[in-house]
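Notes follow once the structure below has been shown.
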Amino acid sequence: MNKILFLLVVFVGYTIAQNKLKVDIFYEALCPDSLNFIKYQLKPSWEQIKPAVTLNFVPFGKSVSFNDANFECHHGPRECEGNKVMSCALHRIRDPTVMVHFVSCYMNRFMKYARRNSKEFGQSCVAKAGLNWNDDIKQCYESHLGTLLQLNAEKQTNVYKLDFIPTIIYNKIFDRELHNASLYNFKGVVCSLARVNRPSTC
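Mapping of the sequence shown onto mature numbering (1 follows the signal peptide of the UniProt record, and there is no 0): residues -17 to -1, 1 to 185, in sequence order.
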């Protein structure tokens, strides 16, 4: 009986997870519009909407790869560095709430200091996320893993023909109206699309 109950609980949990609204956020490290979305739309609404969504951050934007290991980024070389650092960190973080706080912290700090301090890589944000800079980030960043993570981000990005960053995609389908609305009313869009665990504040 206990085994049947356990399997039922697992099945119900899996079903709910499968029915959550899938939200992909395509963004880049030094993009002011990306920062504005994360700072004013995603982070303030996250605690209310998190039971209803499965979140996926894709830090690549309008970057392009060449020679399978190098990248050219929309806002210059420092953005390439920031994108890769975020890929490495997000690869290690499992808690979506920690992800949201990390990306918000990182975008704020990197945008503010990256161009005037070549040693700024959001180390304090990495620490707040419970990661070790040398073991979790630097090792990834300097290895082939960091490159592979960025190539994977490029692959995800190239599924869609993005003409604006950030781009917000729901359930793997690009809808321009939903994307445009999300930039100003992200919580409202999530409320309109959520199938399970719909936020009580909707």
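Beta carbons: idealized from backbone N, C-alpha and C, even for Gly.
Remember, predicted model here, so these are calculated numbers, not experimental data.
Let's test the definition: count the other Cβ atoms within 10 Å of the Cβ of residue i and tell me whether it reaches 16, buried, or not, exposed.
i, result
"V47", "exposed"
"D78", "exposed"
"N66", "buried"
"H127", "exposed"
"V173", "buried"
"T184", "exposed"
"P15", "exposed"
"E160", "exposed"
"T140", "buried"
"I156", "exposed"
Under the assumption that residue i contacts residue j (Cβ atoms under 8 angstroms), give the Cβ distance between them as a whole number of angstroms.
i, j, result
"K138", "N91", "That belief does not hold up - the Cβ atoms of K138 and N91 are roughly 28 angstroms apart, past 8 angstroms."
"P182", "A35", "6 angstroms"
"I152", "Y143", "7 angstroms"
"D7", "N39", "5 angstroms"
Who are the Cβ neighbours of residue i in its own chain at under 6 angstroms, not counting the five residues just before and after it?
i, result
"E55", "V47"
"K5", "T37 and N154"
"R61", "A97"
"H58", "L13"
"G113", "none"
"A164", "V172"
Identify the continuous alpha helix (DSSP H) that holds residue i and give its terminal residues.
i, result
"D16", "P15 to F20"
"I32", "K26 to I32"
"V6", "Element bounds for V6: not the alpha helix (DSSP H) but the beta strand (DSSP E), L4 to Y10."
"N168", "R159 to L176"
"N141", "H127 to N141"
"S107", "Q106 to K111"
Can you tell me where the beta strand (DSSP E) holding residue i begins and where it ends?
i, result
"Y153", "T150 to Y153"
Less than 8 angstroms between C-beta atoms, sequence neighbours within five positions excluded: which residues of the same chain meet that for residue i?
i, result
"S87", "I21, K22, L25 and K26"
"H74", "C123, L128 and L132"
"E103", "R92, F93, Y96 and A97"
"Y167", "Q24"
"W29", "T80 and V83"
If you drop the 5 nearest sequence neighbours on each side, which residues of the same chain put their C-beta closer than 7 angstroms to that of residue i?
i, result
"V179", "I(-2), N2, K3 and A35"
"I32", "K170, V173 and P182"
"L145", "F9"
"V109", "A72, W116 and I120"
"I76", "M82, F85 and A112"
Please check if any C-beta of chain D sits within less than 8 angstroms of the C-beta of residue i.
i, result
"R181", "Of the protein chains in this structure there is only one, and it is not chain D."
> Can you give, in chain order, each stretch of the alpha helix (DSSP H) that sits fully within the segment 39 to 86 and has at least 4 residues?
Replying inline: 60 to 75
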